[in-house]
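Heads up: the sequence shown is residues 30 to 240, going by our numbering.
We treat Cβ as the ideally placed atom computed from N, Cα and C, and that holds for glycine.
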Amino acid sequence: MLELNGEPDDTEIQALQTIISGGVTGAAFQAIRARLKAFFDPRLFSHEVIPAKVSPAIWDNITRRAPMIGLGWSHWATNPDNGATFRGTLVFPLIIMVEFAKHEDRYLGAQIGSGAYMPGLLGLQEYAIGALNNFEIDDVGTCRVNHVSSTELAEWNKDGKATTVLDITIPNVALDLDAVTATLNDFLRLQEQLICDQDDFGTNTLSVRDQ
30 MLELNGEPDD TEIQALQTII SGGVTGAAFQ AIRARLKAFF DPRLFSHEVI PAKVSPAIWD
90 NITRRAPMIG LGWSHWATNP DNGATFRGTL VFPLIIMVEF AKHEDRYLGA QIGSGAYMPG
150 LLGLQEYAIG ALNNFEIDDV GTCRVNHVSS TELAEWNKDG KATTVLDITI PNVALDLDAV
210 TATLNDFLRL QEQLICDQDD FGTNTLSVRD Q
C-alpha cells in the first residue's frame, strides 16, 4: 500500500505536472499540433481538437468553418513482445476538411477571392504528409503517416464539404515507468487535495476547463 511521504521537491513537482498533463502522449499531441499550425496558417485554416466521442451536434460545431485541420487521439498499440517496459505505437487521427461548391474542386481546389488558388483535399493531404512524415519529436519518436482515406467521415459531411483522414503514428514509444512510479505518492496527495476542495465547495463534481 502506498503511503504519502513528505512534501515533494521541485523535481517531483515538475515530473508530476508533466505526467498529469499527458506525459509522452501529451507531448506528442502538442508537438503535432504546433507542426500543423506552422504549415497550415491559423489565419486561413481552422484548427480544432477532435474529441474521443463525436455527436452530430459536436461535429457540426467543429466543422462550422472550412478549411479545417482537426487532430485527435486514438490509441497506444502495445508491442507484442513487451516485457517490463510498456512500449508501443501512438496513433493520432488527423482530419482535413475543405468546402467547395463543385465536386471536382473538393479534390483539386479552385481559385477563390481575388484569384488566389486554394488546394483541395488531394493537395492538402500531400502537404500534411510532407509536414508530418519523418517529423521527429524530441524524447518521443518519429512520426509516420500510415493511412490516408476520404471514406471514414463521408456520411457526416454536409453538402459542399469533404474530408480526408490521415493516421499519424509514432512507433516504439516507451512509457517512462520509473517517472510514473516515482510520482504515485504525489498523485495520491493531489487527489486528497481535490477531494478537500470538493468538500469545501459542497460539491462532488469537478469542473475543469482551460484558463
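- With a threshold of 16 other beta carbon atoms within 10 Å, Gln154 meets it and is buried.
- Residue burial annotation: Ile48 is buried, with at least 16 other C-beta atoms found within 10 angstroms of its C-beta.
- The beta carbons of Ala106 and Thr118 sit closer together than 9 Å.
- The alpha-carbon separation between Ile197 and Ala63 amounts to approximately 14 Å.
- Distance check between Ile124 and each of His104, Ala157, Arg218 places Ala157 closest, using alpha-carbon atoms only.
- In the structure shown, Pro85 falls within a helical segment according to DSSP collapsed to helix, strand and coil.
- As the crow flies, the alpha-carbon of Val202 is around 42 Å from that of Ala130.
- In the DSSP assignment, Asp207 falls within the alpha helix (DSSP H) that extends over 206-211.
- Cys225 sits exposed, since fewer than 16 C-beta atoms from the chains shown fall within 10 Å of its C-beta.
- Contact annotation: the segment 174-186 does not touch the segment 212-222, with fewer than three C-beta pairs closer than 8 Å.
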